[in-house]
Amino acid sequence: MILSMTGFGKASLQLPTKKITVEVKSLNSKGLDLNVRMPSIYREMELGLRNQIAQKLERGKVDFSLFIEITGEETSSKINAPIVKGYIAQMKEILPNADETELMKMAVRMPDALKTERDEIDENEWKQIQTVIDEAVANMLNFRISEGAALEKEFMQRIENIRNFMNQALELDPERIAAIKERLQTAIDELKVEVDSNRFEQELIYYLEKLDITEEKVRLGNHLDYFIQTLAGSEANGRKLGFITQEMGREINTMGSKSNHAEMQKLVVLMKDELEKIKEQVLNVL
Numbered sequence: 017m018i019l020s021m022t023g024f025g026k027a028s029l030q031l032p033t034k035k036i037t038v039e040v041k042s043l044n045s046k047g048l049d050l051n052v053r054m055p056s057i058y059r060e061m062e063l064g065l066r067n068q069i070a071q072k073l074e075r076g077k078v079d080f081s082l083f084i085e086i087t088g089e090e091t092s093s094k095i096n097a098p099i100v101k102g103y104i105a106q107m108k109e110i111l112p113n114a115d116e117t118e119l120m121k122m123a124v125r126m127p128d129a130l131k132t133e134r135d136e137i138d139e140n141e142w143k144q145i146q147t148v149i150d151e152a153v154a155n156m157l158n159f160r161i162s163e164g165a166a167l168e169k170e171f172m173q174r175i176e177n178i179r180n181f182m183n184q185a186l187e188l189d190p191e192r193i194a195a196i197k198e199r200l201q202t203a204i205d206e207l208k209v210e211v212d213s214n215r216f217e218q219e220l221i222y223y224l225e226k227l228d229i230t231e232e233k234v235r236l237g238n239h240l241d242y243f244i245q246t247l248a249g250s251e252a253n254g255r256k257l258g259f260i261t262q263e264m265g266r267e268i269n270t271m272g273s274k275s276n277h278a279e280m281q282k283l284v285v286l287m288k289d290e291l292e293k294i295k296e297q298v299l300n301v302l
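Heads up, the sequence shown stops at 302 in the working numbering, and the numbers go up one at a time, no gaps.
Printed below as a string of structure tokens:
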């Protein structure tokens with residue numbers, strides 16, 4: 017089973033005075049690239065949070081967001097009474113006949129009129145939040161599993177297409193060999209010179225051996241089988257699949273360079289096209 021690196025997960029928690037929402041989304045990346053967005057009150061927990069996520073997600077460009085929505089009568093901002101009174105007293109000296117209500121409105125807008133008290137993290141609350149984080153990550157992993165199943169289905173189809181094109185190319189091999197022999201014999205005849213038939217046969221055999229694609233066919237078939245075997249593995253295998261596709265590409269390219277046959281080269285192009293589509297999607301595999 018393979019997992020996609022693309023995924024999205026969300027979970028929420030309702031506390032007495034606030035609602036906590038966690039969102040996790042990921043795209044493909046060579047390693048784990050984790051971006052964390054969370055309120056400053058929880059910043060001291062970020063290192064542990066990163067480890068908590070890294071243990072489960074392994075790879076991907078991951079965006080983690082933790083949102084707080086206040087739903088009760090809770091605020092960390094309070095009026096700094098001494099400062100406000102001091103502002104009002106100073107303004108009365110300047111504007112002795114001013115309305116006190118208006119002075120109050122101006123005073124609360126002045127610097128340091130409000131003070132923000134830093135709340136301490138409630139350990140029980142954070143444990144509840146961690147549970148929600150685990151839930152959001154689990155939802156994203158389920159998304160990855162679903163996407164991985166779709167990728168696996170596509171890979172199997174494209175691997176089968178490559179195998180079919182390869183077999184069609186092999187069916188053309190007798191025709192290709194005959195065409196090569198005929199082309200060489202025609203070239204000799206056009207020279208209008210006497211050649212030793214035995215020597216010609218030896219050179220022809222040597223030339224055809226260089227154009228033989230049997231080894232490429234065997235190796236490509238093995239790579240196709242190994243790709244399918246790796247798909248069924250239980251470990252993260254995106255990198256391994258990428259290496260296998262590189263080996264498949266080498267064999268297909270060699271078959272193309274040896275073919276010397278228009279119809280076979282068309283099949284090679286079709287194999288390359290299928291392989292490129294596999295390579296694009298392998299980048300999304302965990």
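Heads up, the beta-carbon is just placed ideally off N, CA and C, and yes, glycines get one too.
Because the structure is a prediction, the values reported are computed rather than measured.
Ends of the alpha helix (DSSP H) at Lys283?
Note on residue identity: the sequence assigns Leu, not Lys, to residue 283. Looking at the DSSP string, the run of the alpha helix (DSSP H) that includes Leu283 is Ala278 to Val298.
On the three-state DSSP scale, how would you describe Ser45?
Ser45: coil per DSSP, three-state reduction.
Tell me whether Asn253 sits in a helix, a strand or coil according to DSSP, three-state version.
Coil.
Can you name the start and end residues of the beta strand (DSSP E) that Asp241 belongs to?
Careful: Asp241 lies outside any beta strand (DSSP E), inside the alpha helix (DSSP H) at Thr230 to Leu247.
Reducing DSSP to helix, strand and coil, say where Thr117 ends up.
Correct three-state label for Thr117: helix.
Could you check the C-alpha separation between Tyr58 and Glu292 for me, to the nearest Å?
Distance between the alpha carbons of Tyr58 and Glu292 is about 45 Å.
Out of Val38, Asn67, Ala70 and Ile69, which has the shortest C-alpha to C-alpha gap to Pro55?
With distances taken between Cα atoms, Pro55 lies closest to Val38.
Can the beta-carbon of Leu227 be found less than 8 Å from the beta-carbon of Glu267?
No, these two residues do not count as a Cβ contact at 8 Å.
On the criterion of 16 or more Cβ atoms from any shown chain inside 10 Å, does Met280 qualify as buried, or is it exposed?
Looking at its Cβ environment, which holds 16 or more other Cβ atoms inside 10 Å, Met280 is buried.
For the alpha helix (DSSP H) holding Asp7, just list the boundary residues, first then last.
Because the chain is modelled from 17 through 302, residue 7 falls outside the range shown and cannot be assessed.
Under a three-way DSSP split, which group does Ala27 fall into?
Of the three classes helix, strand and coil, the one that applies to Ala27 here is strand, per DSSP.
With a 10 Å radius around its C-beta and 16 neighbouring C-beta atoms as the bar for buried, classify Val285 as buried or exposed.
Exposed, since its Cβ has fewer than 16 Cβ neighbours within 10 Å.
How many whole angstroms separate the CB atoms of Ser28 and Gly76, which I take to be in contact at a CB cut-off of 8 Å?
Rounded, the Cβ-Cβ distance is 22 Å, inconsistent with contact.
Quick one: measure Cβ to Cβ for Asn269 and Ile196, integer angstroms, because I've assumed they're closer than 8 Å.
That belief does not hold up - the Cβ atoms of Asn269 and Ile196 are roughly 20 Å apart, past 8 Å.
Under 8 Å between the Cβ atoms of Leu19 and Gly164?
Against a cut-off of 8 Å, the Cβ pair of Gly164 and Leu19 comes out as a contact.
Would you kindly report the start and end of the unbroken alpha helix (DSSP H) that includes Thr147?
Element bounds for Thr147: Glu139 to Glu187.
Please report the residue range of the alpha helix (DSSP H) in which Met107 lies.
Run containing Met107: Ala97 to Ile110, per the alpha helix (DSSP H) assignment.
Does chain D have any CB closer than 8 Å to the CB of Ser273?
Among the chains in the structure shown there is no chain D, since it carries only a single protein chain.
Taking all protein chains shown into account, do 16 or more other C-beta atoms lie within 10 angstroms of the C-beta of Leu299, making it buried, or fewer, making it exposed?
Exposed, by the Cβ-count rule.
Assuming Asn260 and Phe243 make a contact with CB atoms under 8 Å, what is their CB distance in whole Å?
One detail in the question is off: residue 260 reads as Ile in this sequence, not Asn. Ile260 to Phe243, Cβ: 5 Å. Contact.
Given that a residue counts as buried once 16 or more other Cβ atoms are within 10 Å of its Cβ, and exposed if not, what is Asn253?
Buried: at least 16 other Cβ atoms inside 10 Å.
Is Leu65 closer than 8 Å to Glu36 when the C-beta atoms are compared?
It should be pointed out that residue 36 corresponds to Ile in this sequence rather than to Glu. Not a contact, by the Cβ cut-off of 8 Å.
Are Ile104 and Ala123 touching if we call contact CB-CB under 8 Å?
Result yes, Cβ atoms of Ile104 and Ala123 sit closer than 8 Å.
Which of the three DSSP states, helix, strand or coil, is assigned to Arg53?
Residue state, collapsed to three classes: strand.
When you compare the CB positions of Gly25 and Val153, do they come within less than 8 Å of one another, or not?
Cβ distance < 8 Å, so Gly25 and Val153 count as in contact.
Which class does Thr12 belong to by DSSP, given the choice of helix, strand or coil?
Nothing can be reported for residue 12, as the shown portion of the chain is limited to 17 through 302.
Kindly indicate which three-state DSSP category Thr33 falls into: helix, strand or coil?
Of the three classes helix, strand and coil, the one that applies to Thr33 here is coil, per DSSP.
With C-beta atoms as the reference, is Met287 less than 8 Å away from Met182?
Contact flag set, yes.
Ends of the alpha helix (DSSP H) at Ile69?
That run of the alpha helix (DSSP H) goes Glu62 to Leu73.
Applying the criterion that 16 or more other CB atoms from any shown protein chain within 10 Å of the CB defines a buried residue, is Arg160 buried or exposed?
Classification for Arg160: buried.
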